[in-house]
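Quick notes on the structure that follows.
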């Protein structure tokens with residue numbers, strides 16, 4: 046008998062691919078079918094573990110938001126809709142990866158995702174508009190795909206093909222206590238998460254890919270790396286090697302990525318470098334879980350990853366709107382976007398608040414769990430104090446580059462050239478706004494999500510009135526800002 050999760054995956058795929066039929070691809074029926082398809086995929090949450098279900102939730106939500114966005118983006122920037130199908134198959138492949146029950150499924154969909162990621166990064170080169178895109182895609186191939194594939198096939202070789210197709214991933218136990226094997230597996234997987242020294246492919250790849258692809262690459266695909274590391278935490282690894290290959294590189298990446306993001310002038314490179322910094326924090330949480338086995342670090346990692354999926358996908362979508370609208374990506378030549386699309390600016394403010402961990406966004410939950418999980422063990426070892434300091438510095442740097450990114454929308458600069466403004470790009474603002482609203486709605490969803498009933502989230506149920514009040518206050522702040530942006534037109 047066919048498993049229900051496979052039926053859900055099949056129905057979802059049929060709906061999404063039906064929405065990509067050439068005869069309907071450019072109308073509302075396409076967006077509707079694809080959105081329903083991704084919504085159906087959410088039913089698979091009930092068949093996944095807590096970590097997988099959160100990644101499925103985040104992936105499906107941003108995929109729904111990108112259905113309309115990718116249509117408008119592709120039509121306005123490329124004058125074609127060929128990009129849409131590639132985006133949808135890419136999103137489905139990642140959702141299939143997180144829904145995989147057996148190791149052979151995970152490896153199959155993982156490899157498919159990597160191949161599609163290569164074509165998306167190289168897309169502008171393939172259609173002949175940007176030759177540098179192929180160079181970035183090849184860097185991704187050499188320094189992200191190949192190391193990860195080596196790690197996956199090592200796991201497959203150790204477990205054996207029979208168990209890979211018959212024993213669920215959650216029941217697997219693999220002995221990789223050999224120092225060399227531990228190093229190869231961990232380094233291979235964290236290369237997908239862009240951790241030092243295999244981080245340098247990400248800024249080029251994520252900044253040169255089409256904006257909907259960047260949203261998925263940064264929002265979801267790099268999570269495959271930390272998802273793989275999470276699975277490895279269940280296995281028997283060499284703890285000393287794990288310390289060297291997780292703690293030290295992740296600590297360097299957290300600070301280095303934040304510093305680089307703070308000095309970039311290209312809006313997409315700011316977001317790309319910030320992704321490396323945030324991924325490093327997730328790796329540090331997994332390192333602490335591997336060291337202590339306390340589930341609180343898994344909860345912190347999972348909610349942090351969900352928050353990052355939502356706000357980073359939204360911000361990359363915004364960068365695409367800004368680029369198509371103004372034909373600019375340099376911060377110094379922007380600063381007037383709020384005068385043209387004030388609703389978009391409000392959405393970016395919400396997404397930035399989530400990145401900063403402010404209530405009532407899901408980023409607030411992420412920051413709450415991040416600090417409380419580490420603080421529980423401050424008296425145990427110097428490592429926890431060091432990680433707390435690294436997190437504090439990373440958050441300080443996040444404030445710096447968030448302010449720089451907001452300058453794209455809000456400064457006193459006048460519009461440099463009205464003739465360059467493409468008003469058709471403003472149609473994408475509603476989808477970015479949807480992503481921003483989702484980052485708030487998810488906060489209240491998580492307080493009711495039973496598998497996340499750890500102490501810190503249980504306490505949130507006691508302060509729900511405070512969250513409602515903060516939501517109301519935020520609304521009353523944003524409304525005058527919207528009017529102010531309109532007046533400054």
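Residue numbers (the numbering used here): 46 to 534.
From the three backbone atoms N, C-alpha and C, an ideal C-beta is built for every residue, glycine too.
All values reported here derive from a predicted model rather than from experimental measurement.
Who are the near neighbours of residue i in its chain, counting only those whose CB is closer than 6 Å to its CB and skipping five residues on each side?
i	result
residue 523	391
residue 348	410, 411, 414
residue 63	78
residue 190	159
residue 465	372
residue 243	188, 236
Hey, how far is the Cα of residue i from the Cα of residue j?
i	j	result
residue 65	residue 293	45 Å
residue 231	residue 400	27 Å
residue 255	residue 172	12 Å
residue 109	residue 427	44 Å
residue 350	residue 439	16 Å
residue 361	residue 177	20 Å
residue 203	residue 343	25 Å
residue 336	residue 469	52 Å
residue 144	residue 525	43 Å
residue 512	residue 481	16 Å
residue 272	residue 514	35 Å
residue 235	residue 274	7 Å
residue 47	residue 213	16 Å
residue 472	residue 117	7 Å
residue 309	residue 357	17 Å
residue 166	residue 487	30 Å
residue 290	residue 224	11 Å
residue 369	residue 285	49 Å
residue 130	residue 115	10 Å
residue 303	residue 444	10 Å
residue 345	residue 95	12 Å
residue 169	residue 71	21 Å
residue 93	residue 518	37 Å
residue 58	residue 423	47 Å
residue 270	residue 147	17 Å
residue 154	residue 136	11 Å
Leaving out five residues before and five after residue i in sequence, what residues of the same chain have Cβ atoms less than 8 Å from its Cβ?
i	result
residue 436	299, 326, 329, 415, 416, 419
residue 88	53
residue 187	246
residue 229	195, 196, 199
residue 474	366, 386, 388, 389, 392
If the criterion is Cβ atoms closer than 7 Å, does the pair residue i and residue j meet it?
i	j	result
residue 297	residue 241	yes
residue 312	residue 374	yes
residue 319	residue 446	yes
residue 382	residue 367	yes
residue 56	residue 85	yes
residue 239	residue 321	yes
residue 278	residue 233	no
residue 485	residue 405	yes
Just to confirm my understanding: we take residue i, look at its own chain, exclude 5 residues before and 5 after, and list those with CB closer than 7 Å. What are they?
i	result
residue 222	281, 282, 283
residue 268	100, 350, 354
In terms of DSSP beta bridges, what is residue i paired with?
i	result
residue 375	311
What runs of the alpha helix (DSSP H), each 4 residues or longer, lie entirely inside the segment 113 to 164?
-> Here the runs fully enclosed are 127 to 144.
Please list the segments of the alpha helix (DSSP H) lying wholly inside the segment 208 to 294, counting only runs of 4 or more residues, in order along the chain.
-> Given a length threshold of 4 residues, each whole run of the alpha helix (DSSP H) inside the segment 208 to 294 is given here in chain order: 224 to 237, 246 to 253, 256 to 261, 267 to 277, 284 to 287.
Taking the runs of the alpha helix (DSSP H) that are 4 residues or longer, which of them lie wholly in the segment 398 to 468?
-> Here the runs fully enclosed are 407 to 420, 427 to 451.
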